[in-house]
Each structure stands twice: as C-alpha cells, then as structure tokens.
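In our numbering, the protein residues as written are 1152 to 1362.
Note that the Cβ used here is the ideal one computed from N, Cα and C, for glycine as well.
Treat the numbers as computed from the prediction; the structure is a model and nothing was measured.
Worksheet for the structure shown next.
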C-alpha cells in the first residue's frame, strides 16, 4: 500500500492497515503561510479526489500554482485541473497538529464507513489531502470520496460504532467504542475495533461521540 506523509489508519471490513510517518513520501512543497490543494476534474466537472495533491507557499497564488504543478507531475488530468481549497495566514506549521478522516462514498452519496482512512497534517487542508491520498491508495472508491471529519485543534474523544440493521438503525448488540486523541482518531479506532469483531452485513454507523 502506498502511503501519505502522516500516520494512517486505513480500514476495511475485518482488516486494518497502518504506517509510520518515517515510511511515507512527501506530497507537498514547502510549508509556509498559505496552503492549497488541487485535483483532476471528472468528466462531469467535479473533483476526482483520488488524485488530490497539496502544496504550501508564501501566498495563495503560489500555493495554488505549486499544488497544481504537484498534481500534474503525478497524474495526467484528461478533463482539466481544479483548485479544491486554500487557506492563508496559517500559523507556523506544527507537524500532526490537524487530523482528518475520510471515506469512500456509497452509490447514494453517504460515507461507506467500512472504507475509511485517517491521516494527520500540519494544517486542516494538508490533513485532508493526506487522508484522501491514503484512502485512494487503500481502496477503489467507485462512487468517489467524502470528508467525514477534520479536527484542527484535537481534543481527546470517545466514539461508538455499530453495525446497521436491515432497516438502517444501529444494532447496539454489535457495537464497539474507542477513545482517541481527537474526534477523527476516536472514530477510526471505533470503526477498526467494530470491523475486527463483527461482520456488518448491512453497513456501519457512528452512533455517538463525546469529548
């Protein structure tokens, strides 16, 4: 599995993959006051988030340009490129100060919680870029990807995940809870522990989180 420059928990039904930051290649340029992400466009004009790349610069213009260059260095974008998001006036970068969890979309457009990835970054956009890159490396998301949660100032949290019933409600007889240093991490750990213990035939829900 290819990895992003972050701690990653890539989760699939009954299987979890992990990586350490020392093993992971860099996805971005210099980290400065601004940071942008870019992705290839799809045929319909949306974002192909499996191609996303990010870069930092001294201005939004520079960061946007560098993120597009980083994207095109990795991927031929048949339908063009798009800037996904940018932030400026960022504080001095602190490694792993932000955390994000993302997942594959289902056909109906909601998160498939059996296929998620957790990653860290020095700002929220970088964390999302890393998480999306990790997700694309771990899974083939046939209907695209979706953001689940990003935490810019992580606080300890506890989350509970449960299998769904046939009617889409949580089956609390098949549930697992876990704590983490942030909401995204607690969600990822709860999902990991649930899938390690149960086979959720009708899908998975996060039933509650608190911090």
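Residue(s) in a DSSP beta bridge with residue i
i	result
residue 1204	1189
residue 1310	1329 and 1360
residue 1236	1188
residue 1222	Answer by DSSP bridge pairing: none, since residue 1222 is not bridged.
residue 1276	None; residue 1276 has no bridge partner.
residue 1198	1192
Neighbour-count burial assignment, residue i, 16 or more Cβ in a 10 Å radius
i	result
residue 1199	buried
residue 1259	exposed
residue 1293	exposed
residue 1284	buried
residue 1368	Not covered by the structure: residue 1368. The range shown for the chain is 1152 to 1362.
residue 1277	buried
residue 1229	exposed
residue 1204	buried
Presumed contact (8 Å Cβ cut-off) between residue i and residue j, rounded CB distance
i	j	result
residue 1269	residue 1335	6 Å
residue 1226	residue 1191	6 Å
Residue i (DSSP reduced to helix, strand or coil)
i	result
residue 1252	strand
residue 1334	helix
residue 1288	helix
residue 1211	helix
residue 1269	strand
When the options are compared against residue i, the one with the closest alpha-carbon
i	options	result
residue 1356	1289, 1254, 1278 and 1362	1254
residue 1329	1309, 1315 and 1314	1309
residue 1212	1189, 1226, 1287 and 1267	1189
residue 1324	1348, 1245 and 1290	1348
residue 1266	1272, 1246 and 1340	1340
residue 1221	1234, 1209 and 1210	1234
residue 1317	1345, 1271 and 1354	1354
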